[in-house]
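Asks:
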Amino acid sequence: MNFRFRDKRVTGVLTVLPRNERLFLEEMKNFNFPEERSLKLKEVMGYDKRRVVTDGVCVSDLAVFGIQKLFEKGLLKPEEIDALLVVSQSPDHFIPPTSSIIQGRLKLKQDMLCADFSQACAGFVLGLLQAFMYLEQESIKKVVLVNGEVLSRKTSPRDRNIYPLVGDAVAITVIERDPEPTDIHASFRMDGSRHAALIIPAGGMRLPCSAETAQMQDAGDNNFRAKDHLYMDGAAIFNFVQTEVPPLIENLLATANRTKESVDYFLCHQPNRFMLQKLADKMKIPHEKMPNNVVGKYGNSSGATIPVALVLNLAEKAMAGTLQLCLAGFGAGLAWGAMLLPIRKLAFCEMVEYP
Amino acid sequence: MKSVLEILKEIRPEFDFSASNDFMADGMLDSFDMVTLVAALDKNYGISIPGTEIVPENFQNVASIEALLRKSGVAA
Chain A
283 MNFRFRDKRV TGVLTVLPRN ERLFLEEMKN FNFPEERSLK LKEVMGYDKR RVVTDGVCVS
343 DLAVFGIQKL FEKGLLKPEE IDALLVVSQS PDHFIPPTSS IIQGRLKLKQ DMLCADFSQA
403 CAGFVLGLLQ AFMYLEQESI KKVVLVNGEV LSRKTSPRDR NIYPLVGDAV AITVIERDPE
463 PTDIHASFRM DGSRHAALII PAGGMRLPCS AETAQMQDAG DNNFRAKDHL YMDGAAIFNF
523 VQTEVPPLIE NLLATANRTK ESVDYFLCHQ PNRFMLQKLA DKMKIPHEKM PNNVVGKYGN
583 SSGATIPVAL VLNLAEKAMA GTLQLCLAGF GAGLAWGAML LPIRKLAFCE MVEYP
Chain B
672 MKSVLEILKE IRPEFDFSAS NDFMADGMLD SFDMVTLVAA LDKNYGISIP GTEIVPENFQ
732 NVASIEALLR KSGVAA
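Those protein sequences? They're chains A and B, same order as listed.
According to our numbering, the first sequence is numbered sequentially starting from 283.
According to our numbering, the second sequence is numbered sequentially starting from 672.
1. So with CB distances below 7 angstroms, who are the chain B contacts of Asn-312 of chain A?
2. Can a CB atom of chain B be found closer than 8 angstroms to the CB of Phe-306 of chain A?
3. DSSP state of Val-545 of chain A, grouped into three classes?
4. Name the DSSP beta bridge partners of Tyr-636 of chain A, please?
5. Just to confirm the assignment: which complete alpha helix (DSSP H) runs, minimum length 4, are found wholly within the segment 545 to 621 of chain A?
6. So Leu-417 of chain A and Arg-459 of chain A are supposed to be a Cβ contact under 8 angstroms. How far apart are they, rounded?
7. Can you pull the chain B residues whose beta carbon is under 9 angstroms from the beta carbon of Asn-521 of chain A, in chain order?
8. Is the beta carbon of Gln-633 of chain A less than 8 angstroms from the beta carbon of Val-593 of chain A?
9. Which residues in chain B sit within 7 angstroms of Gly-516 of chain A, going by Cβ to Cβ distance?
10. List, in order along the chain, the chain B residues whose C-beta lies closer than 8 angstroms to that of Gln-524 of chain A?
11. Please classify Lys-509 of chain A as buried or exposed, where buried requires at least 16 other C-beta atoms within 10 Å of its C-beta.
12. For a contact defined as C-beta to C-beta under 8 angstroms, what are the partners of Lys-571 of chain A on chain B?
13. So Lys-566 of chain A contacts chain B; which residues on that side make the cut at Cβ distance below 8 angstroms?
14. Ignoring anything shorter than 3 residues or poking outside the segment 388 to 455 of chain A, list the beta strand (DSSP E) runs there in chain order.
15. Select from the segment 692 to 718 of chain B all residues with a C-beta closer than 7 angstroms to any C-beta belonging to chain A, and list them in chain order.
16. Who are the near neighbours of Pro-624 of chain A in its chain, counting only those whose CB is closer than 6 angstroms to its CB and skipping five residues on each side?
17. Roughly how many whole angstroms lie between the Cα atoms of Ile-384 of chain A and Ala-365 of chain A?
18. For Lys-322 of chain A, return the contacting residues in chain B, with the cut-off set at a CB-CB distance below 8 angstroms.
19. In the DSSP output, which residue or residues are listed as bridge partners for Leu-712 of chain B?
20. In whole angstroms, what is the alpha-carbon distance linking Arg-555 of chain A and Ala-496 of chain A?
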């Protein structure tokens, strides 16, 4: 499905990273593989460091911390927020929505909308689409989008397929109407028939958590995990990304009558370095135009990785001038989306550490 | 330049790859080894094997890996 917006603009991005850092070299001792093989994987995938929350820390904690920083710095006023959207697959609770918890803790006005969206690695593109649609309403002038995950709490330390790549983070993006309209094009695709490729089997109503679902099991590939843990069919996801994402971006460029060369940077979701290098090679995009350094520095924080990549790699440029970006998110669902997003002199583009 | 067998030996030195016709079925390579192997082949031959070609069928044995290399631009 294709989308087009004209008078919307991202005006600032703040990322919140847990201060707690883990090192692959220390964690690989938990894996049921010879160290030499894990080291080869580290080199190819780009695994190194990752940021994860300490026990009990939730998405709302990181989000409230970050939004309060914006209030303190005068970069955002509480009364300006007309809509607060949260995109996460690790909510504080089933009920109520995490957006309501954040609104309450920040003492925001009652005359506003809060909404949660359950979406993972494609969540930044989906969140921006939602924000733009909310801004179609006259009464909504400023939207705060929170993309956040604390999925490290749902990973098995003995599962080398997923444990070394997952990181936690929250990204706070402010979106407003733009007095200088520029075209924003986007495209989104879904294939729920492949939903089992990336899943936490237990914990929902289909299979509630129990002593049985918490039992670690031999997955048959030298990894051990419980049904309470996040599972990823790495080969299926890799193939999905390599097959589906290039035509998505190419069709989007064609729809917008744009060329690859007109894009300054391709900011993709950050699963691992190898996957992004292969994606860039397939699309004949120079590696330096598609950053791939987030997983090795902070870990893969699902829907937050695109703004984390923006802040890590392009903060100065994003605040100083205009950048033509192509965003691409892809993952659980399966869902994949891309957006041609011009950004112009962001009011803020920075990272803070929690706590 | 190293041969395919030499590269395989570097990745899983405990196996004799010349004695197998199906590395996956014989438990000599898993999906992560496949990724490590692709990175090593890319570097050794100065190519980039397309991501869509990283499927078990292309890494079944030495002949299938050599066929993949030819497909990826390595001269026979």
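Each residue gets a CB set at the ideal place from its N, CA and C atoms; glycine is no exception.
These numbers were taken from a predicted model, which means no experiment stands behind them.
Replies: Per the coordinate set shown:
1. Going along chain B, no residue has its Cβ under 7 angstroms from Asn-312 of chain A, so there is no contact; the nearest lies around 16 angstroms.
2. no
3. coil
4. A:Pro-300
5. 555 to 564, 576 to 579 and 587 to 602
6. 6 angstroms
7. Gly-722, Thr-723, Ile-725 and Val-726
8. A quick correction: the sequence has Met, not Gln, at residue 633 of chain A. Cβ distance < 8 angstroms, so Met-633 of chain A and Val-593 of chain A count as in contact.
9. Ser-702
10. Pro-721, Gly-722, Thr-723 and Ile-725
11. buried
12. Going along chain B, no residue has its Cβ under 8 angstroms from Lys-571 of chain A, so there is no contact; the nearest lies around 16 angstroms.
13. Here the premise fails: no neighbours, minimum Cβ distance about 10 angstroms.
14. 395 to 399 and 424 to 431
15. Asp-701, Ser-702, Phe-703, Val-706, Thr-707 and Ala-710
16. Thr-464 and Gln-606
17. 12 angstroms
18. Ile-682 and Thr-707
19. The partner list for Leu-712 of chain B (beta bridge, DSSP) is empty, contrary to what the question assumes.
20. 31 angstroms
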